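Just below is one structure, and these are the notes that go with it.
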DNA sequence: CGACGGGACGC
DNA sequence: CGACGGGACGC
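Residue numbers (the working numbering): 3 to 466.
Pasting the structure below:
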């Protein structure tokens with residue numbers, strides 16, 4: 003599944019996932035590998051050597067699957083001595099091959115993220131939402147200077163690059179989190195759209211899954227924060243317009259809800275984010291398990307995540323207690339007919355909810371796969387025409403992800419067409435081969451390779 | 001035939 | 001000071 007080597011694209015993908023090491027010339031690839039495996043999935047280690055003498059130049063590159071892994075390794079290993087008597091190593095995030103620059107990448111550029119937020123989000127809301135990924139230095143909501151009204155944009159500055167990277171990788175994708183451009187910098191020339199000249203670059207990156215509980219193997223991480231937290235508070239995110247009352251009714255099916263408020267924009271429209279709190283941990287865990295991924299209204303898949311509620315999770319005792327409760331709840335939720343562990347006294351009423359989008363088709367579909375990380379480069383896109391009308395986004399995501407490396411579904415507003423972005427060419431080709439001319443839920447699809455997006459010559463706007 | 005989105009500023 | 005290899009083939 004994972005090829006050891008691939009033709010080099012001159013890009014680092016995902017961004018900031020490669021380390022630049024300065025070491026004694028005696029440090030070998032094996033030593034580097036031994037010292038860095040614990041931080042994540044190493045995809046490549048390369049010690050730069052003199053072409054003639056084969057002697058190390060004291061410079062190496064270590065490519066990780068994820069930026070958060072590379073950052074954690076950098077934070078932990080910079081200044082460490084790998085072999086007795088050798089000089090301490092220096093560890094930096096490597097400059098992208100295409101950048102041409104050899105300047106050190108500074109923490110300044112790696113610790114501030116830029117996010118889209120509901121218009122009602124305050125800086126405190128921002129902090130509450132993102133502090134689960136690490137210590138925050140400050141949060142900023144971008145506001146209209148004269149009216150003071152939020153523009154629905156925010157910045158979060160973390161203390162550590164690994165925390166910013168983890169936030170980008172793990173926060174709800176409706177935030178569209180990316181690294182913020184440093185304020186003074188001219189927008190990086192950064193590479194153009196997608197590069198269709200090259201074969202695939204296999205990443206096998208467990209990205210943000212659209213499928214609850216699909217996360218299986220995780221790599222050891224430097225810390226255990228992130229979305230592993232378990233709290234009484236939930237954030238419910240919806241792409242389609244829903245009312246607070248609708249969300250309330252749904253989540254009130256589970257006993258113990260004591261708070262439910264939808265974030266609204268200045269016109270009173272729903273922003274798709276609703277905060278919910280239960281008076282006990284078990285109900286919150288149950289609600290997340292039952293309703294994360296639930297289609298409501300049909301065709302719109304809700305995303306439910308725990309958010310930090312300020313309770314002390316650092317104390318080992320508190321954390322263990324919560325995990326215990328969570329584990330009990332899990333066993334009840336996951337084994338409804340379950341054997342010994344079942345305690346009848348704690349069984350909750352089950353909302354009558356289908357779990358996945360119903361897909362009706364004659365096509366033999368492979369099982370769903372994880373989405374590629376949203377910062378993956380699109381190596382191929384499909385252009386899809388629907389008759390008589392487009393399928394819902396989440397159905398499309400469910401169908402088109404099954405060939406691997408799907409980054410994103412984009413429906414052109416007001417038209418019966420859309421685009422599927424893939425991080426690997428083969429995935430797109432497989433999807434096209436299987437789905438072209440087929441019928442899904444009564445909708446006929448033409449599935450073709452998309453023409454490259456129109457060349458806006460040398461505009462800087464990146465497609466994130 | 002059926003074609004292209006979203007998002008930039010305070011310590 | 002300390003920056004960029006190896007090998008590539010299926011549709």
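Note that beta-carbon positions come from the ideal geometry of N, C-alpha and C, so glycine has one too.
These numbers were taken from a predicted model, which means no experiment stands behind them.
| field | residue 281 versus 302, 291, 258, 263, residue with shortest Cα-Cα distance | value | For the purposes of this step, residue 281 is taken as the residue at position 279 of the first chain. Checking every option, the nearest Cα to that of residue 281 belongs to 258.
| Is the beta carbon of residue 422 less than 8 Å from the beta carbon of residue 433? | By one-based count along the first chain, residue 422 stands at place 420. By one-based count along the first chain, residue 433 stands at place 431. If you check the CB distance, residue 422 and residue 433 come in under 8 Å.
| Backbone CA spacing between residue 396 and residue 100 [nearest angstrom] | Walking along the first chain from the start, residue 396 turns up at place 394. Walking along the first chain from the start, residue 100 turns up at place 98. The alpha-carbon atoms of residue 396 and residue 100 are separated by roughly 35 Å.
| request: Specify, as a first and last residue, the run of the alpha helix (DSSP H) that residue 85 falls within. | output: In the first chain, counting from the first residue as 1, residue 85 sits at position 83. Bounds of any alpha helix (DSSP H) do not take in residue 85, whose DSSP letter is neither H nor E.
| task | Please classify residue 106: is it buried, with 16 or more other beta-carbons within 10 angstroms of its beta-carbon, or exposed? | result | On the first chain, residue 106 is found 104 positions in, with the first residue counted as 1. Looking at its Cβ environment, which holds fewer than 16 other Cβ atoms inside 10 Å, residue 106 is exposed.
| request: Name, in chain order, the residues that DSSP records as bridge partners for residue 275. | output: The sequence position of residue 275 within the first chain is 273, counting from 1. In the DSSP output, where bridge partners are listed per residue, residue 275 has 239.
| said: Here's the rule: buried if 16 or more other CB atoms are within 10 angstroms of the residue's CB, otherwise exposed. What is residue 20? | reply: Along the first chain, read from residue 1 onward, the residue named residue 20 stands at position 18. Buried, since its Cβ has 16 or more Cβ neighbours within 10 Å.
| query | residue 72: buried (16+ other C-beta within 10 angstroms of its C-beta) or exposed? | reply | Here residue 72 refers to the residue found at position 70 when the first chain is read from its first residue. Around the CB of residue 72, 16 or more other CB atoms lie within 10 Å, so the residue is classed as buried.
| message | Give me the residue from 134, 149, 123, 453 with the minimum Cα distance to residue 142. | response | Stepping through the first chain from its first residue, residue 142 is reached at position 140. Comparing alpha-carbon positions, the option among 134, 149, 123, 453 lying closest to residue 142 turns out to be 123.
| said: Excluding the 5 residues flanking residue 391 on each side, which residues of the same chain have their C-beta closer than 8 Å to its C-beta? | reply: Start at 1 with the first residue of the first chain, and residue 391 comes out as number 389. Here the set comprises 418, 445.
| said: Given this structure, state the Cα-to-Cα distance separating residue 262 from residue 383, to the nearest angstrom. | reply: Reading the first chain from its first residue, position 260 is the one you call residue 262. Reading the first chain from its first residue, position 381 is the one you call residue 383. Inter-residue distance for residue 262 and residue 383 is about 40 Å (C-alpha atoms, whole angstroms).
| query | If you drop the 5 nearest sequence neighbours on each side, which residues of the same chain put their C-beta closer than 7 Å to that of residue 350? | reply | The residue given as residue 350 occupies position 348 in the first chain. Low confidence applies to residue 350: its pLDDT is 37, below 50, so where it sits in the model is not reliable, and the reading given next is rough at best. Beyond the five residues adjoining it in sequence on each side, residue 350 comes within less than 7 Å, by CB distance, of 256, 257, 288 in the same chain, given in chain order.
| Under a Cβ-count criterion, where at least 16 other Cβ atoms within 10 Å of its own Cβ denotes burial, should residue 265 be classed as buried or exposed? | In the first chain, the residue the question calls residue 265 occupies position 263. Residue 265 sits buried, since 16 or more C-beta atoms from the chains shown fall within 10 Å of its C-beta.
| task | Determine the DSSP secondary structure at residue 107, reduced to helix, strand or coil. | result | Taking the first residue of the first chain as position 1, residue 107 is located at position 105. Residue state, collapsed to three classes: coil.
| Residue ranges of each beta strand (DSSP E) run of no fewer than 3 residues wholly in the region 377-416, ordered along the chain? | As summarised for the region 377-416, the continuous beta strand (DSSP E) elements at least 3 residues long and confined to that stretch are 382-389, 408-413, given in chain order.
| Span separating the alpha-carbon of residue 121 from that of residue 293 | Start at 1 with the first residue of the first chain, and residue 121 comes out as number 119. Start at 1 with the first residue of the first chain, and residue 293 comes out as number 291. Separation of residue 121 and residue 293 (C-alpha to C-alpha, rounded to the nearest whole angstrom) is 25 Å.
| field | Which of helix, strand or coil DSSP assigns to residue 28 | value | The residue labelled residue 28 in the question sits at position 26 within the first chain. The answer is coil: DSSP assigns residue 28 none of H, G, I, E or B.
| Inter-residue Cα distance where the pair is residue 179 and residue 116 | Position 177 of the first chain, counted from the first residue, corresponds to residue 179. Position 114 of the first chain, counted from the first residue, corresponds to residue 116. Cα to Cα, residue 179 sits roughly 6 Å from residue 116.
| Grouping DSSP H, G and I as helix and E and B as strand, with all else coil, what is residue 122? | Residue numbering aside, residue 122 sits at position 120 when the first chain is read from its first letter. Of the three classes helix, strand and coil, the one that applies to residue 122 here is coil, per DSSP.
| In this structure, does DSSP put residue 284 in helix, strand or coil? | Locating residue 284 in the first chain gives position 282, counting from the first residue. Residue 284 falls in the helix class under three-state DSSP.
| CB of residue 155 to nearest heavy atom of the ligand HEM: below 7 Å? | Ligands are entirely absent from the displayed structure, and the ligand HEM is therefore not among its contents.
| query | Going straight from the alpha carbon of residue 238 to that of residue 301, what length do you get? | reply | What you label residue 238 is simply residue 236 of the first chain in a count that begins at 1. What you label residue 301 is simply residue 299 of the first chain in a count that begins at 1. Using only the alpha carbons, I get a separation of about 16 Å.
| said: Can you confirm whether the region 76-89 touches the region 141-155 when touching is taken to mean that 3 or more C-beta pairs between the two stretches lie within less than 8 Å? | reply: No, the region 141-155 is not in contact with the region 76-89.
| request: Using three-state DSSP, classify residue 14 as helix, strand or coil. | output: Here residue 14 refers to the residue found at position 12 when the first chain is read from its first residue. It is coil, neither helix nor strand.
| task | Measure how close the beta-carbons of residue 85 and residue 34 come, nearest whole angstrom, since I'm counting them as under 8 Å. | result | Residue mapping note: residue 85 aligns to position 83 of the first chain, counting from 1. Residue mapping note: residue 34 aligns to position 32 of the first chain, counting from 1. The beta carbons of residue 85 and residue 34 sit about 11 Å from each other, so the pair does not count as a contact at 8 Å.
| field | For residue 253, the first and last residue of its enclosing alpha helix (DSSP H) | value | Your numbering for residue 253 matches position 251 in the first chain. From DSSP, the alpha helix (DSSP H) with residue 253 extends over 246-253.
| message | I'd like to know if the region 128-142 and the region 167-183 are in contact, where contact means that at least 3 CB-CB pairs between them fall below 8 Å. | response | Cβ pair count under 8 Å is three or more, so yes.
| Alpha carbon to alpha carbon, how far is residue 398 from residue 430? | Here residue 398 refers to the residue found at position 396 of the first chain. Here residue 430 refers to the residue found at position 428 of the first chain. Near 14 Å, if we compare the C-alpha coordinates of residue 430 and residue 398.
| query | For residue 139, does the count of other Cβ atoms within 10 angstroms reach 16, so buried, or fall short, so exposed? | reply | Along the first chain, read from residue 1 onward, the residue named residue 139 stands at position 137. A residue is called buried once 16 or more other Cβ atoms fall within 10 Å of its Cβ, and residue 139, having fewer, is exposed.
| Short Cβ contact (8 Å threshold) for residue 381 with residue 425 | Residue mapping note: residue 381 aligns to position 379 of the first chain, counting from 1. Residue mapping note: residue 425 aligns to position 423 of the first chain, counting from 1. For residue 381 and residue 425, yes; Cβs fall inside 8 Å.
| So the beta strand (DSSP E) residue 426 belongs to, where does it begin and stop? | On the first chain, position 424 is the one that residue 426 refers to. For residue 426, no beta strand (DSSP E) segment is defined, and its DSSP state is neither H nor E.
| For residue 437 versus residue 385, is the C-beta distance shorter than 8 Å? | Along the first chain, one-based indexing puts residue 437 at 435. Along the first chain, one-based indexing puts residue 385 at 383. Residue 385 sits away from residue 437, with the two beta carbons spaced by 8 Å or more.
| query | Who are the Cβ neighbours of residue 47 in its own chain at under 8 Å, not counting the five residues just before and after it? | reply | Here the question's residue 47 lines up with position 45 in the first chain. Contacts found: 31, 34, 35, 38, 62, 63, 64, 65.
| task | Rounded to whole angstroms, what's the CA-CA distance from residue 286 to residue 260? Just pull it up for me. | result | On the first chain, residue 286 is found 284 positions in, with the first residue counted as 1. On the first chain, residue 260 is found 258 positions in, with the first residue counted as 1. The straight-line gap from Cα to Cα measures roughly 11 Å.
| message | Please classify residue 456 as buried or exposed, where buried requires at least 16 neighbouring CB atoms within 10 angstroms. | response | On the first chain, position 454 is the one that residue 456 refers to. Exposed is the call here.
| request: Using the Cα positions of residue 241 and residue 410, report the straight-line distance between them to the nearest angstrom. | output: On the first chain, residue 241 is found 239 positions in, with the first residue counted as 1. On the first chain, residue 410 is found 408 positions in, with the first residue counted as 1. Taking the Cα positions, residue 241 is about 14 Å away from residue 410.
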